[in-house]
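Down below is the structure, laid out as structure tokens.
Residue numbers (the numbering used here): 477 to 944.
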């Protein structure tokens with residue numbers, strides 16, 4: 477009685493755009509649309525889990541590809557190609573797959589300051605919970621947990637080729653009353669392995685376990701990994717307060733990002749993502765959902781990582797200390813950049829984190845992280861349905877103050893530190909299939925400020941979904 481007939485769905489999309497593509501016409505598109513793209517097509521076929529009972533063995537398959545023409549480069553790539561197995565609330569995922577869309581697609585970062593929908597997917601393997609698993613006995617009424625353990629590989633052109641990405645997440649949930657719950661947890665990403673111009677970065681099982689446990693490297697590791705932690709670690713403490721009512725639902729959410737121990741000790745407070753999501757459940761949908769987010773990354777634990785030690789301080793330190801002549805202050809966290817993995821937390825020319833982290837311009841097809849990781853950004857997303865022809869709309873607006881990095885702040889011609897202000901907005905209008913044999917979407921966008929060029933652009937897409 478738990479079985480349903482397995483269905484295979486398809487989706488086809490084609491689109492064209494003006495030569496100028498403002499920020500919100502290419503950001504958050506999972507890499508399908510680049511700043512130089514002017515024509516593209518997309519096709520996908522998917523077979524989802526077919527059984528409503530999560531205790532039963534089930535599987536899902538999917539494939540999706542994109543071809544695009546660009547001013548600088550034409551592209552043909554696979555967005556998704558995956559197989560998933562589910563049993564007893566556990567899933568095994570292999571291949572390339574999209575992360576679920578959060579908050580009706582209104583968030584600037586899909587609700588995660590470190591792992592947004594701003595880039596293409598990495599191939600990998602993951603074992604995770606399908607949903608929260610309740611604790612046994614009477615505790616299950618209030619307490620539940622979930623986890624994810626994944627390994628990926630980066631296949632784009634980068635300074636450390638074929639770098640691996642380790643990811644683990646552990647989260648918990650407290651249900652106070654059926655309508656009110658609190659979620660919280662921690663996740664860690666780590667770039668490890670790969671190959672440089674000097675050769676392959678050696679990793680054995682012991683090194684891998686040290687990386688997973690966030691420990692310093694052994695004798696096979698680089699000097700940097702022996703002094704610090706093995707691999708390039710970035711992490712996120714997250715918390716969400718959820719309310720599910722009969723007429724509306726709301727979520728308060730917070731991400732605290734960290735690059736090292738100072739961030740884990742909250743020395744970089746108040747850096748992070750602060751947000752609120754509200755959605756209506758009644759039939760009047762001219763206004764359905766709204767998201768407001770504040771991104772703050774100015775602190776980074778202070779402007780300096782270390783300072784020269786005095787003679788008295790040197791005399792009191794261990795002679796074998798690699799920082800014997802320095803006093804570590806723990807600042808200049810330099811989010812999403814790294815010395816050894818110098819392409820930083822980027823993929824295919826875009827930052828994997830929130831799109832307000834601005835990537836450096838590529839040199840010979842390779843970027844070197846971000847030149848703007850200190851900013852205050854306000855973001856507002858709204859969606860609903862207009863009474864006229866049931867046209868759905870989506871609005872994305874952002875305003876940011878940008879400061880560069882602690883080491884290289886933005887400066888004017890006289891060398892004074894300055895703030896670059898940036899405003900970006902987009903309007904999306906969707907005419908549903910009941911008016912035409914396909915869904916038609918018009919996108920309009922504009923940029924104004926001193927960080928990005930002034931732009932106004934438009935994009936038109938037609939798409940069709942169905943079942944084979």
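Using N, Cα and C, we set each Cβ at its ideal position, and we do this for glycine too. Keep in mind that this is a model prediction, so the values were computed, not measured.
Close beta carbons around residue i, own chain, < 6 Å, minus the five adjacent residues each side
i: residue 870; result: 859, 904
i: residue 752; result: 728, 768
i: residue 611; result: 619
i: residue 952; result: Limits of the chain in this structure are 477 at one end and 944 at the other, which puts residue 952 out of reach.
i: residue 517; result: 490, 543
i: residue 685; result: none
i: residue 604; result: 567, 624
i: residue 580; result: 765, 859
i: residue 889; result: none
i: residue 717; result: 658, 728
i: residue 868; result: 861, 906
Rounded Cβ spacing between residue i and residue j (contact assumed at less than 8 Å)
i: residue 798; j: residue 504; result: About 41 Å; that fails the 8 Å criterion.
i: residue 665; j: residue 641; result: 6 Å
i: residue 949; j: residue 506; result: In the structure as shown, the chain begins at 477 and stops at 944. Residue 949 is therefore absent and cannot be evaluated.
i: residue 747; j: residue 772; result: 6 Å
i: residue 659; j: residue 937; result: About 34 Å separates the two Cβ atoms, so there is no contact after all.
i: residue 649; j: residue 624; result: So it is not a contact: roughly 14 Å between Cβ atoms.
i: residue 872; j: residue 500; result: 5 Å
i: residue 592; j: residue 942; result: About 29 Å separates the two Cβ atoms, so there is no contact after all.
i: residue 704; j: residue 692; result: 7 Å
i: residue 514; j: residue 492; result: 6 Å
i: residue 588; j: residue 712; result: 7 Å
Residue from the options with nearest C-alpha to residue i
i: residue 662; options: 647, 654, 525; result: 647
i: residue 919; options: 483, 486, 758, 502; result: 502
i: residue 633; options: 909, 916, 922, 819; result: 819
i: residue 638; options: 655, 617, 608, 669; result: 669
i: residue 924; options: 874, 591, 828; result: 874
i: residue 902; options: 603, 543, 835, 497; result: 497
i: residue 655; options: 600, 720, 827, 583; result: 720
i: residue 607; options: 570, 564, 644; result: 564
i: residue 734; options: 525, 745, 524; result: 745
i: residue 757; options: 750, 725, 673, 770; result: 725
i: residue 754; options: 881, 582, 865, 627; result: 582
i: residue 877; options: 828, 715, 928, 677; result: 928
i: residue 549; options: 510, 525, 587; result: 510
i: residue 852; options: 750, 682, 537; result: 750
i: residue 907; options: 943, 861, 840; result: 861
i: residue 848; options: 569, 774, 545; result: 774
i: residue 630; options: 833, 828, 546; result: 828
i: residue 651; options: 616, 601, 837; result: 616
i: residue 535; options: 545, 523, 546; result: 523
i: residue 766; options: 706, 855, 568, 785; result: 855
i: residue 922; options: 494, 482, 483; result: 494
i: residue 551; options: 587, 512, 525; result: 512
i: residue 759; options: 863, 846, 776; result: 863
i: residue 931; options: 899, 917, 915, 944; result: 899
i: residue 739; options: 601, 777, 553; result: 777
i: residue 707; options: 576, 585, 817; result: 817
Minimum Cβ-Cβ distance from residue i to chain C less than 8 Å
i: residue 850; result: The structure shown has no chain C; it contains just one protein chain.
Beta-carbon contacts of residue i that lie in its chain and below 7 Å, excluding the five residues immediately before and after
i: residue 478; result: Annotation note: pLDDT 44 at residue 478 (below 50); position unreliable, coordinate value reported separately. Answer for residue 478: 527, 528, 529, 532, listed in chain order.
i: residue 539; result: 520, 521, 556, 557
i: residue 826; result: 507, 594, 595, 835
i: residue 887; result: 893, 894
i: residue 571; result: 557, 558, 559, 599
i: residue 790; result: 800, 801
i: residue 821; result: 710, 812, 827, 828, 829
i: residue 911; result: 865
i: residue 885; result: 879, 893
Per DSSP, cross-strand counterpart(s) of residue i
i: residue 712; result: 663, 733
i: residue 719; result: 656, 726
i: residue 846; result: 835
i: residue 938; result: 490, 916
i: residue 754; result: 726, 766
i: residue 602; result: 569, 626
i: residue 923; result: 900, 931
i: residue 485; result: 522, 943
i: residue 689; result: Paired residues: none, contrary to the question.
Proximal residues to residue i (C-beta, below 8 Å), its chain only, five neighbours per side dropped
i: residue 783; result: 802, 803, 805
i: residue 742; result: 732
i: residue 913; result: 940
i: residue 779; result: 807, 808, 882
> Which full runs of the beta strand (DSSP E) of 3+ residues lie inside the region 519-562, going along the chain?
Replying inline: 534-546
> Whole beta strand (DSSP E) runs in the region 764-841 with 3 or more residues, listed along the chain?
Replying inline: 765-772, 782-784, 802-804
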